[in-house]
Amino acid sequence: MMHSVAIRRAKNHLMTVLMIAATAAVLIPLGLIFFHIVKMGLSSLSLDFFTQIPKPTGEAGGGMANGMMGSLVMIAMASFIGLPVGIFGAIYLAEFGGSRASTAIRFSADVLSGTPSIITGMVAYTLLVVPMKGFSALAGSVALAMIMIPIVLRTTEEQLKMVPGSLREASLALGVPLWRTSLKVTLRSALSGVLTGILLAVARVAGETAPLLFTALGNQFWGRKLTEPMAAIPLQIFNFAIAPYEDWHRLAWAGALVLVTVMFSLSLTARYFGRSNKTD
Amino acid sequence: MNGDLIFRAITTVFAFSILIILAIMLAEMTKESLPSIRKFGWRFVTNSEWDAVQGVFGALPYLYGSVVSSVLALLLATPLSIGAAVFITEICPKRVGALIAPLVELLAAIPSVIYGLWGVLVMAPWLQSTVQPFLIDHFGFLPFFQGAPYGVSMLAAVFILMIMVVPIITSITREVLLAVPLSQKEAAIALGATRWEMIMMAVLPYGRSGILGAAILGLGRAVGETMAVTMVIGNAPNISLSLLSPAYTMPSVIANEFAEATSKLHGSALMEVGLILLVVTLIINALARLLIWSVSKDAGGGAA
Numbered sequence: 255m256m257h258s259v260a261i262r263r264a265k266n267h268l269m270t271v272l273m274i275a276a277t278a279a280v281l282i283p284l285g286l287i288f289f290h291i292v293k294m295g296l297s298s299l300s301l302d303f304f305t306q307i308p309k310p311t312g313e314a315g316g317g318m319a320n321g322m323m324g325s326l327v328m329i330a331m332a333s334f335i336g337l338p339v340g341i342f343g344a345i346y347l348a349e350f351g352g353s354r355a356s357t358a359i360r361f362s363a364d365v366l367s368g369t370p371s372i373i374t375g376m377v378a379y380t381l382l383v384v385p386m387k388g389f390s391a392l393a394g395s396v397a398l399a400m401i402m403i404p405i406v407l408r409t410t411e412e413q414l415k416m417v418p419g420s421l422r423e424a425s426l427a428l429g430v431p432l433w434r435t436s437l438k439v440t441l442r443s444a445l446s447g448v449l450t451g452i453l454l455a456v457a458r459v460a461g462e463t464a465p466l467l468f469t470a471l472g473n474q475f476w477g478r479k480l481t482e483p484m485a486a487i488p489l490q491i492f493n494f495a496i497a498p499y500e501d502w503h504r505l506a507w508a509g510a511l512v513l514v515t516v517m518f519s520l521s522l523t524a525r526y527f528g529r530s531n532k533t534d
Numbered sequence: 007m008n009g010d011l012i013f014r015a016i017t018t019v020f021a022f023s024i025l026i027i028l029a030i031m032l033a034e035m036t037k038e039s040l041p042s043i044r045k046f047g048w049r050f051v052t053n054s055e056w057d058a059v060q061g062v063f064g065a066l067p068y069l070y071g072s073v074v075s076s077v078l079a080l081l082l083a084t085p086l087s088i089g090a091a092v093f094i095t096e097i098c099p100k101r102v103g104a105l106i107a108p109l110v111e112l113l114a115a116i117p118s119v120i121y122g123l124w125g126v127l128v129m130a131p132w133l134q135s136t137v138q139p140f141l142i143d144h145f146g147f148l149p150f151f152q153g154a155p156y157g158v159s160m161l162a163a164v165f166i167l168m169i170m171v172v173p174i175i176t177s178i179t180r181e182v183l184l185a186v187p188l189s190q191k192e193a194a195i196a197l198g199a200t201r202w203e204m205i206m207m208a209v210l211p212y213g214r215s216g217i218l219g220a221a222i223l224g225l226g227r228a229v230g231e232t233m234a235v236t237m238v239i240g241n242a243p244n245i246s247l248s249l250l251s252p253a254y255t256m257p258s259v260i261a262n263e264f265a266e267a268t269s270k271l272h273g274s275a276l277m278e279v280g281l282i283l284l285v286v287t288l289i290i291n292a293l294a295r296l297l298i299w300s301v302s303k304d305a306g307g308g309a310a
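Protein chains in written order, with the working numbering: chain A, 255 to 534; chain B, 7 to 310.
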């Protein structure tokens, strides 16, 4: 009996060590990636990065100013298209949900947020690029919006459901119509949580590359119209990373550092809003 | 009353647009694939010849590459993720866990193009100079480790996919494990179980379907992963047992060829590859969601 206890103890210790090893194996590659982004990114980053467009091959220097502008423009457009759909859709689920159709919508949203983003690029290509006879920032924005909608819908609904029923009932009892109650009481109470969802969705699409490959296409110069190809930071990182030029690799690392910094700031801000909402 | 009707109509339209988007996706992809489906039929998935000049398209190498890379990545990632999730929730001090968990979630949000950048500029050269020669020297008698060390290879794709899906599986598994009732664990401890036995008896069985859901969700992510894989897999339509040889996946061939498709049939064949990818990931995601929903009591559970 003593013996078996010893064996069980030993097994317990062995498995504990194995689980620590698994955690280390999870964290080490991720730590390495982070280390390289910061190290290579910092050494490649300069003021030019934010003010210049990429130089032709062979010339040192240059930056990704056009990509930053392109990313900003397309994210803004995608938000303009996607946020109303996601937020109003979530209000439907929260106010009139409960039916079988609502379950179908929730399920589709979850499934949709798991489909490969390159597929949304292909769909935007057939719906917009082919009829408009050319790659465009507009098509890229639509592809990004299709990715944002299910994320915003689901997070907003979660937040709306957390608003106490008594608050809504008080408003309805005062004779405020449902639509005003919904917008002015429910949505406003859940605002910080909804904002969290929006920031997370923006952070997610800011790093998307695949949906832009055959919609916005990318542009070596400033894109001036929404109906023309436009550069974006993730597209530039991709193109420069697989090119055989040292200078372009450095630009790609700098771009990665900027992108990761922006995304982490968005995530942290989102977390901050999310937390302050919970303690209210 | 009128305002409420309008309000209801507007929100209904927006909510149902999700279903419409999904329907449009399937319809458009199917419509665009039709020329290829009509021309090649089932040979599309059994033929391994892909020749844009001759107009012959068979997607077998891409199917093979997708299946092998994502299944191997999942086989490596799942035990690691479960181990890490158990460590975070059950073993390490609460404060350490509270530090690691958000870190892992943050890492799940890194864009795939950045994994690809690291993969092609740091990991692949390292594989080429260290890991692959080692495998060839010591395990070269196995069919899996034959050929020259190129760096970019199936092995590189497996590794990068593993690194990418681990944060996803870990954070979902962690949430599932947090839902295990304390009474279950206390009961096991009261019976004299060691901590490991408690984990095996009370924690893991309780979270089984949720963990399975997390793993399947990871599989869905791995199958559809485009940028990182395209950057490290070498993009050569080989069907080779060797993990050292370059390969190709379904999303990668779309990413590389779609914008420059040379003919209508070429574009249509790529659309069919996309359609197969869409249907496969829809099935995988539906399965994973059902499993995860069955654990969390309502249809909640976040959108991530």
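Note that CB positions come from ideal geometry on N, CA and C, so glycine has one too.
Legend entry - G307 (chain B) to I222 (chain B) span [Cα, whole Å]: Confidence in G307 (chain B) is poor, its pLDDT being 41 and thus under 50, which makes the residue's placement too unreliable to answer from.
Inset, instruction - Please determine if the region 155 to 172 of chain B and the region 122 to 134 of chain B are in contact, where contact requires at least 3 C-beta pairs separated by less than 8 Å. - result: yes
Inset, instruction - Compare the C-beta of Y121 (chain B) against all C-beta atoms of chain A and say whether one is closer than 8 Å. - result: yes
Legend entry - Closest Cα partner of V229 (chain B) within the set B:I30, B:M170 and B:S274: B:M170
Inset, instruction - Identify, in the order they occur along the chain, each residue of the same chain with its Cβ nearer than 6 Å to the Cβ of A162 (chain B), setting aside the five sequence neighbours on each side. - result: A130, L133 and V238
Inset, instruction - Use the C-beta contact count for I26 (chain B): other C-beta atoms within 10 angstroms, 16 or more gives buried, fewer gives exposed. - result: exposed
Inset, instruction - Measuring only between beta-carbons, confirm whether S300 (chain B) sits less than 8 Å from chain A. - result: no
Legend entry - Unbroken alpha helix (DSSP H) run spanning N493 (chain A), endpoints: I487 to A495
Inset, instruction - Using only alpha-carbon positions, find the residue among B:I120, B:L40 and B:F93 that is nearest to A107 (chain B). - result: B:F93
Inset, instruction - Give the straight-line distance between the Cα atoms of S177 (chain B) and K270 (chain B), rounded to the nearest whole angstrom. - result: 43 Å
Legend entry - Under the three-state DSSP convention, the category L471 (chain A) falls into: strand
Inset, instruction - Note the first and the last residue of the continuous alpha helix (DSSP H) segment covering P252 (chain B). - result: Here P252 (chain B) belongs to no alpha helix (DSSP H), and DSSP marks it neither H nor E.
Legend entry - Below-8 Å beta-carbon distance, D302 (chain A) vs any chain B residue: no
Inset, instruction - Please determine, among A:S356, A:I282, A:T409 and A:A358, the residue with the shortest C-alpha to C-alpha distance to R525 (chain A). - result: A:T409
Inset, instruction - For the alpha helix (DSSP H) containing G140 (chain B), list its first residue and its last residue. - result: It is Phe, not Gly, that sits at residue 140 (chain B) in the sequence shown. It spans Q138 to F145 - the alpha helix (DSSP H) in which F140 (chain B) sits, taken as one unbroken run.
Inset, instruction - Kindly indicate which three-state DSSP category F63 (chain B) falls into: helix, strand or coil? - result: strand
Legend entry - Three or more C-beta pairs below 8 Å linking the region 497 to 508 of chain A and the region 291 to 308 of chain A: yes
Legend entry - Closer than 8 Å to chain B by CB, V456 (chain A): no
Inset, instruction - Pull up the DSSP beta-bridge partners for M484 (chain A), would you. - result: A:L471
Inset, instruction - Quick one: list the residues of chain A neighbouring M233 (chain B), beta-carbon separation under 7 Å, in chain order. - result: T463, A464 and F492
Inset, instruction - Following the continuous alpha helix (DSSP H) through L301 (chain A), name the residue where it begins and the one where it ends. - result: L301 to T305
Legend entry - The alpha helix (DSSP H) enclosing L421 (chain A), as first and last residue numbers: G419 to A427
Legend entry - Validate contact between the region 252 to 266 of chain B and the region 35 to 46 of chain B using beta carbons, cut 8 Å, 3 pairs: no
Legend entry - W48 (chain B) (DSSP reduced to helix, strand or coil): coil
Inset, instruction - Compare the C-beta of D501 (chain A) with all C-beta atoms of chain B and state if any pair is closer than 8 Å. - result: no
Legend entry - Closer than 8 Å at the beta carbon, the chain B residues around V365 (chain A): L28, L288, N291, A292 and R295
Legend entry - CA-to-CA distance, L283 (chain B) to L69 (chain B), given in whole angstroms: 9 Å
Inset, instruction - Write down the C-beta distance between L78 (chain B) and V137 (chain B) rounded to the nearest angstrom, noting that I regard them as a contact closer than 8 Å. - result: Their Cβ separation, rounded to whole angstroms, is 15 Å, which puts L78 (chain B) and V137 (chain B) out of contact at 8 Å.
Legend entry - Residues of its chain near H267 (chain A), where Cβ-Cβ distance is below 8 Å and the 5 sequence neighbours each way are ignored: none
Inset, instruction - Measure the alpha-carbon distance for W433 (chain A) versus S75 (chain B) and round it to whole angstroms. - result: 50 Å
Legend entry - Within 8 Å, strictly: CB atoms of G153 (chain B) and A234 (chain B): no
Inset, instruction - Alpha carbon to alpha carbon, how far is E266 (chain B) from G388 (chain A)? Give it in angstroms, no decimals. - result: 13 Å
Legend entry - Minimum C-alpha distance to I403 (chain A) - residue among A:A424, A:S371, A:S425 and A:M269: A:S371
Inset, instruction - Measure from the alpha carbon of L466 (chain A) to the alpha carbon of each residue in A:L511, A:A378, A:L284 and A:S353, then state which is nearest. - result: A:A378
Inset, instruction - Have a look at A:P308, A:M400 and A:G429 and flag the residue whose alpha-carbon is nearest the alpha-carbon of Q490 (chain A). - result: A:P308
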